[in-house]
Each structure stands twice: as structure tokens, then as C-alpha cells.
Amino acid sequence: MLIALQNIGEHNNLFLAAVLLYLIAAVIALALTNQHKLCNLVTNSICMVAALIGITAAIIRLSTDAILAPVTILKSQIPFLLLEIKIDHLSAFFVLCLSVLALCVSIYSIGYNAHYYQKRNVGFFNFLYAAFIMSMLMVIISGNAIFFYLSWEAMSLISYFLVIFESEHEENRRAGRLYIIMTHLGTAFLLIGFMIMFAYTHSFDMFGSSELIPETAKNLMFTCFLIGFGTKAGVIPLHIWLPYAHPAAPSNVSALMSGFMIKTAIYGLIRFVLCYLQVEQLWWGAVILCIGVISAVLGVAYTLMEHNIKKLLAFCSVENIGIILIGLGVSFIAAAQNNDFLSSLALVATLLHTFNHALFKGGLFLGAGSLQYATHTKDIEKLGGLIHKMPVTAVLVLCFSLAISAIVPFNGFISEWLIYQALFLNINMGTAGLNILSILSIAALALSGALAAAAFVKLFGISFLGLPRSDHAAQAKEVPIVMNIGMGILAAFCLIIGIFPASFVKLADRVADSILGSSVAETLQPGFLSATVPLTVSGNSIAPGEVLIALTVVILVVLLMLRLFWGKYQARKYGTWDCGFESINARMQYTATGFSKPIRIVLSILYRPGRKVVIEEGESDYFPKSVKYKVWTESIFEKYLYSPVIRVLKSGSEKMIYLVQTGSVHVYLLYIFISILALMFYNRVV
Amino acid sequence: MSDMILFFIVQTGFVILAAPLVNGIIKKIKALTQKRTGAPLLQMYYDLFKLFKKTSVVSDVSSWIFRVTPYIVLATAVAAALIVPVTTLIKPVWNSGDVILLVYILALGRFFMMLAALDTGSTFGGMGASREAMISALIEPSIMVSLLTIGLIAKSTSVFEMMTFMQTVHNPLIHPVYLMIFFALVIIIMAETARIPVDDPSTHLELTMVHEAMLLEYSGRSLALMELGAAIKQLVFITLLVNLFLPHDQLLGISGITAIGISLLIYLGKVVATAVLIAIVEVSTVKLRLFSIPNLAALSFILSFIGFLQFFVFGG
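In C-alpha cells form, the structure reads like this:
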């Protein structure tokens, strides 16, 4: 059926090699399914090689100037089924992002999958794992909408199987069901968008021109793409699958899903809306900005309330998608106003935050996997004191926590700073309504930054510091070194981008330059690997390297002066202050629920918290046998948006079934007759 | 080169040395209003000197986080002091004078302070950290909106540029935009420096303390560093306030070393005046209930937001 593989040019060979290697890894995984250890080692090693090739290919592609690299085409006789690979700077940037993450996750998986040995089908798991990375790679290198759609569908289905991999738990099966329904809802909207595209241009070429599409249809397409990609990205209120699917999947898969799969939606929005449709309407950007603000604030608000570590991280992904969309919204608004510089700047910020989020969120999910590996629980209320037991993991998770809270000198700060600057510039040149929207976005970004810091103080403080809250935590051991290496590379990237941002900004700038034709690199004063060369926007600059040097110098000077004038530091170990009563035990510590209680009360309109105290009476009122205290928060979107819709659908279809299926053969014959008539009529008209 | 040395000496040496004095003045005024003689003005210096000598008592539950936090808190406060110039007559020599950076550098110190509070497994620490997390989150939008509104008018987010611009504004405090932002910033300072009505620096009652609860396990040299860090942070915010809203450098009309000296003296006078003002606010108000603080934060946000809106009505 496939008749020709047409390969023009050399650049794509490396990308093809990466795809093929993932395919080989998947096949080998199935072949070695009986030898768990060998299978795991071989598959992940091949994936690592493929990822390294992907990184090389992407960097080569980003450093060449050609706007569109040569195309690889796989023709077939099925109409429209033309498997084209086209790689421009945008695709290459996302390939880089995916490959870096896939490299680290594969290294980590060598150790992490060990807990599946002799318990589960490791071969099948690795098959799905390699195929999943391959499908994500295909999504971002596909050259036409049909190929994109096929890869997208493959990515969704494979990830579904990975979500329900531990399918013996009912909650995982439920998570999978919710995930596949939501993701297909989104895909349906994408399909409508592609069909409108074909109806006007008679082509599925997503690198083609959209001039033939009238304005109304463009607006409709934008809406479809927004809902379709928004579901995958997990924007509020389409986010409900995320907090179920991410915890259900094995942690290395969650890292890929949260680190990269939801970013394919960002890729889709940039590719189809910014590149293909060419933003002309101001309201497109404004809508995206609003959605971004809502997702950022509500996402982080829900993050704070969770104490299932993976659910917490999943909500945090909603927040970061929100921040990414704030950047993208500004980029769209500026593009609609033909302000190429601001549009480029905001796009650079968006891309950089996408890349950064892949690094630290991937790392955090791997960290959650390590915690689960060592303590067999996802509940941070049962952890504590792990910094003594797992020192390396603790340092790495601390790095990621600082990075995701946008704290200097890590990478999260750089991209958020750029987004702040983009919003700031947007006020300087926007119109009245947009100014207010922009300043509110700045306030929302500040709020979400501070709440994220609170959430990650909670995550790190409760799980790694203090006294262990359960036997599992008390007996935890440091995880295998390969797992720490995988996370360590990600943490190193976070720190390097944070201190030497200019060269990474330059990579993102090449993408913005190729899409919008305006480079921000000169204004940002890039200098290769130079810490003291600052990023400058609107006459103002930061140099994270200098900040780090300043902090270090201050600490060293203080240490030196204290030593010189007041002698050596002396410390005496003693118990924590217990107010003179019995010594402190683990149950007296603050819990994660307690830690977030002030915010739960302040934002109670959002959480609608409830609590229940059950006291089992004892001999006297003062000595009850047991006291059970339960506190919960409500998910308002599930309760007030989804449940009513599901209820109406359910009761409606229950009624309809008796109206349609009467049981009488005559009626069924009538249905067939009417359908044939309708089809014939349609053929006549068209 | 001499500019650079001058800048670093003034920004770090001067600020570090002056910071404990502000606390001394506030405590003295509070004592005087209560008809007490009060501790000497320089009491905090004596305390710091004494604490530097003392042995620390460290909880056996704690980890390295607890030990490095005092240094990080002090370093971030000093780095923040480098961002906020005490006089606009010395041009900052480093590139990082950004107002967003200022907020996020202080966030680094706060992040570690909250972690250190949780590190000892003490309930007090958890309580302080949890409350601090709430207050800082509520006040953050207001900080960003108020400072960036001034940035918008000055067309830069650099603190130095903002202060230089404010020199050209004739009497900012009668201008509606700046007046709103001024009051928003006053509330922010109360919250950020753990003062009444948000927090009470002189109490150690578990119902009320926020900042002190986080420091409860610290002793000796570590405590001294934490206290000094908090004092420097307080002076940084006061500097931000007085140099933005009570600019004086353009009034001098001269330049050179003498001008810098005079400018610094006037600056000190303004700081003392602000300290007196803070003390008066502290004695004349009561500490708010913890769950009334959101209202105060909302007030601060609304003031800064109205300030922003007025910028479009009245212009800069």
C-alpha cells in the first residue's frame, strides 16, 4: 500500500533515525518480554540514544537558517493519507524539549521500573513507553493535518493504556475512562477544525496559506482549536481529567505526560492559530489571556489543597499551562496589532516557559516516583523526615521546587520575568480594556507565584522535613543512583538556564524570528554562556549570574567576618522546644492539611470546605475513645458544571431509548427507508 | 572603579549598619508613648553582638536546611538592598536593578525561612510558616501592581530609573496616582516587615505570632543573622517608600562627594521620620485577627489598582 518513501535533503534523516529507534525500542521490548531486567535496560538505552539523536537533530535544525527544512513524504494509495514530515524551527524547538525530557526519564526508568520486575509485564510497559514517546515525536514533526491527527490519536490512545497500566485499582480505571472521554471530546473539536480547513482550501497542508478561509470560518476554527487543544492542555474548566490521569499513570509516564504531552497542545495552538490562521482578531488573544489567568490562579489554588503528591503536581500543571497561555495570549494580542517585537518577546517567553516547565515538572514527577518507590505511598501526610534518609533526592526535589516557584536563580524565574515584561510592555501600548486585563494578569501571576511557593514549601516541608509520620517514611532508603542521575540532569538544566539564560533565550528567539519575522535577541543582549551579560527589556535588565555571585559573596563575607571577630560557630544539639511538656512526637507536627488551612479559609468561596468530627464516647467526656476528624474541599467544576450535564444526558438518553427502540420491526424498517431516502436526496442536492 | 566601591559600601555597609537603628527608634518611641524609658536606641546592636558570641542550640530533628537558612535570609536581604538605591546620586554598577527581581529575591529568603520553620518538627514553626504563606500570597499582587504602576509612568521596571523619574515629579504626595500607591505601599510594608496590624513583633503568644514563630527554634549566631536579615529587609522597604515618594536629590542641585554626603544625611532623616511614623501606627492600632488580614490586603490591592486606573485618567 505504501508506495514511495521520498526523502529530500539530509536534515530530516536524523529525525527519521530517532523515530525509527523508538520504533525499534518498542519492538525489542515486546520481543524480550520474558526477561524483565534485560528488556528494561535495552529498551531504555535505545530510547536514550534516540533522545540524544533527537537533541542533536533539533540543535542542528535550529542553527540552520532555512525556514522550512526539506520534506520527507511517505505516499500511500488511500486518499489524503500522505505521511509528510516537515520540520521548521518551531517543530525543532519542541523536539529539543521532548528529547531532553525523554533522555532523563529513560535514564530514570532503568532504576524505577525495577519495582515492576516479576510483578507486571515489563515488556509490554516498555513497548507502550517507547511507542508513547514516538507518537509525541510524530505529532510535532507531522507536516499535514491528517498525519497530525493520526499521531495525535495514537498519542492519546497509547497514553490511555499507560494511565490504566495498574488497572487492578478501580480508581485508575475510572481515571482512564474520564481521560479517554475528555481527550476524545477535544479531538472531535480538532477534527471539525480540520474539516473546515479542508472545506475552504481543499488541502490538509498545515504549512499552506489560509487566505481562502473567510473570517467567520476562521473564528469558528479558532474556537474549535481552542477547545480541542485546551482539553489536552488541561485549561480550566476542561482540566478535570488531569488530576485523575496523572496520579494513575506510573511516575515516569506522568513525567512525560505532564512534562510534554500537554505541551503538544501549546504546539498545536502556535502551529494552527499563530502560524496557519495568522492572528487577525484581537479577541483571540484576549480570550486566551483570560483562560490563562483563570487556569493559573485556580490551578495553583487547587494545588494547595491536595496532599496526594501526584494530584498536587497535576493541578500545578494546570497552573503552569495557565502561565504559558498568559504569554501566548499577549503574543496573539500583539500579533493582531502588528506589534512584531512584543509578539516575538511574548512568544519567546511562552516557549521558554514551556521548555522550563518540561524540565522542572518532569523532574518533580520523577521525584514523586522516587518517593513512592521508597515509601510506597503518594500521601504526603504519611511522609516526613526524608531529607535524612534520601539526601540526594531531597536536594533535587528542592531544586525543582524552587524552580517551579519562579525563585532566583532557577529557570522558572527567567521565563516568568519575561512574561511579566511582556505584560508590562503590553500595557504601555495596548488599549484601555486590554490595559486593565494586563495589569490584572500581572496581579494574577504574582498571586499564583506566591501561592505556588506556598504549595511547594508544603510539599517539600511536609514530606522531607520534620519527623517521619509513618513507618514507611521512617524506614525509607535512598533510591538507586540511576534514578537520581536522571533527575540530576534535569536539575542541572534548571540551574544552567537560570544562570545563563541568554543562550536558551536565543534558541527560542530563532523560533519567534522564523514565525513572526522579528528577532528579540539583540534587544535581549544575548551572550553565549555569559552570566554577566544581562537580559534587557525596556531599558531594564537582569543578570541572574550577578545575583548568584552577589549572594555567594555576601554569604562568604559574613562567614569570614563572623569567624574573624567572634570565633568558630558552635552548636549544641538538643530536642526541639516542647514548652516543658513531654517530648515532641510526629503527630504533634503541622500537617499538610493544617499548613494550607489559612488559605482554605480565606478562599473558602472557591473550595467550599466541609468538615466532620466523629467522637467515640469514652468513660468520661474528657477521655473520648477516639476522635475522627475529616475535612474536604469540593471541586466546583465537577459539581456545578459536569455533573448536571452528565445527569441531563443520562436521563435524556434513558427516555430516548424507549422512543427510538420500540421493539416493533415495522418502525425499524421505516428508519432504514427514511435513511436511504435522505441519502438519495443529499446526493441529488450535492 | 571608585564608583563601584562607593556604591557597594553605601548600599551594603550603610544599610547593614543603619538597619538595626530603625528597630531601636521604633522601640524607643513605643516605650515613650507608654511612659517607659525603654531600652537604649542602640540596644539591637548590643543584642546582635551578644548573640554572635553565643553558642547555638540546634534541634536534633533539623537538617542542613535549618543551618543554611540564616545565611540565605541575610544574603537575600543584602542583595535586595543592592537593588534599592539609598541615593540616586550614585549610579548602580550592576545590571540587576529590577523591581520584579527584588520581589523574587526576597521570595528566596522567605521560601527558606518557611522551610526552616518546618524543619524542626515544631508546631510553632509550622504555624508561623503556614500563616506567613497566606500573608505573603495575599500581599504579593498588591506589591506587583503598585510598583509596576510607578514603573509604567517611569517607563522602566528598574528601581533606580523609577527613583530618578520620581525626582522630576513635583511633590508626588498631592498627585492622586502616587497618593494611592503610597498608601498601598504603606500597608505592604506593615505586612512584609511583620508589624502591627498584621503581626506583632513583640509577642510570643502562639495565637498571634507569625514571623517570631518561624524564628522560635533559632538561637545564638543563627538568630542574630535572622534578626539582622529582617531588619535589613525592613530598611529596604522603607528606602523604597521614602526615595520614591519623598525624593530629595534634585533639591540639592549639586554633585560630587559632598552632595552624596548631604543626600545620605537627608535620607537618614527621612528614614528616622518613617520609623517614627511606623511606631505611631503601631501604638495607635491593634493587631488584626488573622482572618481580617485578607481585608487589609484587599484594601492595599484596591488602592494600587485605583492608582493604576488613575494613571490613565490623570496621566503620570
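Each protein sequence line maps, in turn, to chains W and U.
Using this note's numbering, you'd call the opening residue of the first sequence number 76 and step up by one each time.
Using this note's numbering, you'd call the opening residue of the second sequence number 2 and step up by one each time.
Idealized CB from N, CA, C, for every residue including glycine.
In whole angstroms, what is the alpha-carbon distance linking Leu80(W) and Asn219(W)? In this prediction, Leu80(W) has a pLDDT of 48, which is less than 50 and means its spatial position is unreliable; nothing more can be read from the coordinates.
Within the same chain, show all residues whose beta-carbon is closer than 8 Å to that of Phe306(U), passing over the 5 residues directly before and after it, in chain order. Same-chain partners within the cutoff: Val146.
Taking the C-alpha atoms as reference points, what is the distance between Ile624(W) and Gly230(U)? Looking at the two C-alpha atoms, the distance is approximately 18 Å.
Against chain W: residues of the segment 36 to 53 of chain U by CB proximity under 7 Å: Of all residues in the segment 36 to 53 of chain U, Phe53 have a Cβ within less than 7 Å of some Cβ in chain W.
Could you tell me whether the segment 55 to 66 of chain U touches the segment 540 to 549 of chain W, where touching means 3 or more Cβ pairs closer than 8 Å? Contact between the segment 55 to 66 of chain U and the segment 540 to 549 of chain W is established, with three or more Cβ pairs separated by less than 8 Å.
Taking Pro673(W) as the query, report the chain U residues whose CB atoms sit under 8 Å from its CB, ordered along the chain. What Pro673(W) touches in chain U: Ser131, Arg132, Ala134, Met135, Leu291, Phe292.
Given Ser174(W) as reference, the closest of Gly437(W), Val677(W), Ala577(W), Glu657(W) once Cα atoms are compared: Relative to the Cα of Ser174(W), the nearest Cα in the group Gly437(W), Val677(W), Ala577(W), Glu657(W) belongs to Gly437(W).
Can you pull the chain W neighbours of Asp250(U), defined as C-beta to C-beta under 7 Å? Result: empty, since nearest Cβ-Cβ is about 20 Å, beyond 7 Å.
Per-residue DSSP class, three states only, for Asn219(W): For Asn219(W), the three-state secondary structure derived from DSSP is strand.
In this structure, how does DSSP classify Asn413(W) when only helix, strand and coil are distinguished? If DSSP states are grouped into helix, strand and coil, Asn413(W) belongs with coil.
I need the boundaries of the beta strand (DSSP E) containing Leu158(W), first residue and last residue. Where Leu158(W) is concerned, the enclosing beta strand (DSSP E) stretches over 158 to 160.
Classify Phe65(W): buried if its beta carbon has 16 or more other beta carbons within 10 angstroms, exposed otherwise. Chain W is shown from 76 up to 761; residue 65(W) falls before or after that span and cannot be answered.
Same chain, Cβ closer than 7 Å to Met227(U), neighbours up to 5 away in sequence not counted: Only Pro71, Val74, Leu216, Tyr219 meet the Cβ criterion.
Within the continuous alpha helix (DSSP H) that includes Trp641(W), where are the two ends? Its alpha helix (DSSP H) spans residues 619 to 641.
Short Cβ contact (8 Å threshold) for Asn196(W) with Thr108(W): In this structure, Thr108(W) lies closer than 8 Å to Asn196(W) by Cβ.
On the DSSP bridge assignment, give the partners of Tyr649(W) in chain order. For Tyr649(W), which the question treats as bridged, DSSP gives the partners Ser60(U).
Can you give me the C-alpha to C-alpha distance between Val284(U) and Arg196(U), rounded to a whole angstrom? A straight line joining the alpha-carbon of Val284(U) with that of Arg196(U) spans about 11 Å.
Report yes or no: do the segment 413 to 425 of chain W and the segment 702 to 718 of chain W share at least 3 C-beta pairs separated by less than 8 Å? Inter-segment contact for the segment 413 to 425 of chain W and the segment 702 to 718 of chain W is absent: fewer than three beta-carbon pairs are separated by less than 8 Å.
Backbone CA spacing between Gly25(U) and Ile239(U) [nearest angstrom]: Answer to the nearest angstrom: the Cα atoms are 15 Å apart.
Indicate the three-state DSSP secondary structure (helix, strand or coil) for Gly437(W) in the structure shown. In this structure, DSSP gives Gly437(W) a helical state, which the three-state scheme calls helix.
Where the alpha helix (DSSP H) containing Glu228(U) begins and where it ends: Start and end: 221 to 246.
Spell out a yes or no on whether the segment 423 to 433 of chain W and the segment 26 to 35 of chain U are touching, meaning 3 or more CB-CB pairs, one atom from each, closer than 8 Å. Fewer than three pairs of CB atoms, one per stretch, sit closer than 8 Å, so the segment 423 to 433 of chain W makes no contact with the segment 26 to 35 of chain U.
Can you check DSSP and say which residues form a bridge with Thr262(W)? Answer is none; Thr262(W) lacks a bridge partner.
What residue range is occupied by the uninterrupted alpha helix (DSSP H) comprising Tyr702(W)? Note on residue identity: the sequence assigns Val, not Tyr, to residue 702(W). Judged by DSSP secondary structure, Val702(W) falls outside any alpha helix (DSSP H) and instead within the beta strand (DSSP E) spanning 701 to 707.
Does the beta-carbon distance from Ile514(W) to Phe309(U) come in below 8 Å? In contact: Ile514(W) and Phe309(U) (Cβ atoms closer than 8 Å).
Exposed unless 16 or more other CB atoms sit within 10 angstroms - verdict on Leu754(W): Leu754(W) comes out exposed.
Buried or exposed: which applies to Ser728(W), given that a residue is buried once 16 or more other Cβ atoms fall within 10 Å of its Cβ? It counts as exposed.
Within the 8 Å Cβ cut-off, does Asp61(U) reach chain W? Closer than 8 Å: yes.
Beta-carbon separation of Ile214(U) and Phe292(U) under 8 Å? Contrary to the premise, residue 214(U) reads as Ala rather than Ile in this sequence. Phe292(U) is positioned such that its CB atom lies no closer than 8 Å to that of Ala214(U).
Chain W beta carbons: is any one of them nearer than 8 Å to that of Thr275(U)? Chain W places no beta carbon closer than 8 Å to that of Thr275(U), leaving this residue out of the contacts.
Helix, strand or coil for Asn395(W), going by three-state DSSP, please let me know. Helix.
Okay, do the segment 629 to 649 of chain W and the segment 40 to 59 of chain U touch, 3+ Cβ pairs below 8 Å being the bar? Judged by Cβ distances under 8 Å, the segment 629 to 649 of chain W makes contact with the segment 40 to 59 of chain U, as three or more pairs qualify.
Specify whether the segment 164 to 173 of chain W and the segment 128 to 143 of chain W touch according to this definition: at least 3 beta carbon pairs, one from each stretch, less than 8 Å apart. Contact between the segment 164 to 173 of chain W and the segment 128 to 143 of chain W is present, because at least three Cβ pairs lie under 8 Å.
Nearest to Ala528(W) by CA position, among Leu102(U), Gln251(U), Met115(U), Gly98(U), is which residue? Among Leu102(U), Gln251(U), Met115(U), Gly98(U), the Cα nearest to that of Ala528(W) belongs to Met115(U).
Using CA atoms only, rank isn't needed, just tell me which of Phe200(W), Val393(W), Ser523(W) is closest to Phe236(W). Ranking Phe200(W), Val393(W), Ser523(W) by CA distance to the CA of Phe236(W) puts Phe200(W) first.
Okay, do the segment 370 to 387 of chain W and the segment 288 to 298 of chain W touch, 3+ Cβ pairs below 8 Å being the bar? Remark: fewer than three beta-carbon pairs, one from each stretch, lie closer than 8 Å, so the segment 370 to 387 of chain W and the segment 288 to 298 of chain W are not flagged as touching.
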